[in-house]
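Let me begin by presenting the structure, written as structure tokens, before commenting on it.
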Amino acid sequence: MHALFRTLRLGSLAMALAAPAAGRAAGDQGFVPLFPADGSPAGWTVRQWDDVSREADGAWTVRDGVLIGDQPRGTWLMSDRQYGDFELRFEFKLGPLGNSGLALRAPMNGDPAFDGMELQMADVRYNPAAKDSELAGGLYRAVAPRRQLYQPEAWNRYELKLQGPRFTAKLNGELIHDIDLSQQTEPIQRHDGTDAPPLKDRPRRGHIGFQNLSRGEGEEGRVLIRGTEIRPLD
-10 MHALFRTLRL GSLAMALAAP AAGRAAGDQG FVPLFPADGS PAGWTVRQWD
40 DVSREADGAW TVRDGVLIGD QPRGTWLMSD RQYGDFELRF EFKLGPLGNS
90 GLALRAPMNG DPAFDGMELQ MADVRYNPAA KDSELAGGLY RAVAPRRQLY
140 QPEAWNRYEL KLQGPRFTAK LNGELIHDID LSQQTEPIQR HDGTDAPPLK
190 DRPRRGHIGF QNLSRGEGEE GRVLIRGTEI RPLD
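Below, the structure is given as structure tokens:
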């Protein structure tokens, strides 16, 4: 599957910022934007990637509707607000060594990948030995996507829904997950080798977050997010 990835040139940041954000109609069908059009995202805090109880230095800003996660690497941008059941949609773009993730229902302590959930956003070139569940579309180290649909160095679109124990997600318009979390009973191995709780035991309410763990200088080390809209369901 990894052979499907091909090397493409990373477009300039200026072009990325100028591109229209698909599906950005604020309030459409009850969706509301999570970020302002420009400036620092109010209601969000930069935190350490491996323990979000600790605040961190990191550059996250919004420019022309695009959330930019810049260096230094190793941060989460976490929402102050908590969410339980909701729909969320957005687009993301990574460099060739890009590694990002979406924290879901995460507590404000520990590692969102293991103490909440993390929907992965990562290019295979960041770690050629990565498992499918550690690449874009995977619930990190827990559930691989049905198919790998990530497009390197291009805009990719997530549409997801969490309602009770049910999690559904589309990547670039195709369903990659339809999961009953209450049936996910296997413990997940943390980075230190210890067991994290299975998905069935993860919180049903928590914070949303965006991660930058990318390697690279300048544009190659940035995470770009646009068109981020949410519709709470509870």
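Read in order, the letters of the sequence shown correspond to residues -10 to 223 in this note's numbering.
Don't be surprised by glycine CBs; every beta carbon is placed ideally from N, CA and C.
Q.
Just verifying my parser: in three-state terms, what is the DSSP assignment at glutamate 206?
A. coil
Q) Of the residues Asp167, Gly216, Asp39 and Arg155, which one's Cα is nearest the Cα of phenylalanine 79? A) Gly216
Q) Quick one: Cα of proline 141 to Cα of alanine 95, how far? A) Roughly 27 Å separates the two Cα atoms.
Q. Along the chain, which unbroken stretches of the alpha helix (DSSP H) at least 4 residues long are found entirely within the stretch 69 to 156?
A. 101 to 104
Q. So leucine 188 is in the beta strand (DSSP E); what residue range does that whole segment cover?
A. Where leucine 188 is concerned, there is no enclosing beta strand (DSSP E), given that its DSSP letter is neither H nor E.
Q) Should the stretch 62 to 77 be called in touch with the stretch 161 to 173, which here means at least 3 C-beta pairs below 8 Å? A) no
Q: Could you spell out where the beta strand (DSSP E) holding proline 221 opens and where it closes?
A: First-last of the beta strand (DSSP E) with proline 221: 212 to 221.
Q) Going by the CB atoms, is the gap between proline 192 and glutamate 175 shorter than 9 Å? A) no
Q: Would you tell me roughly how many angstroms separate the C-alpha atoms of aspartate 59 and alanine 48, rounded to the nearest one?
A: 5 Å
(Q) Quick check: what's the CA-CA separation for tryptophan 33 versus histidine 196? (A) 10 Å
Q.
I need the straight-line Cα distance from glutamate 206 to glycine 63, nearest angstrom please.
A. 14 Å
**Q.** CA-to-CA distance, glutamine 71 to aspartate 181, given in whole angstroms
**A.** 28 Å
Q. Within 10 angstroms of its Cβ, does asparagine 145 collect 16 or more other Cβ (buried), or is it exposed?
A. So asparagine 145 counts as buried.
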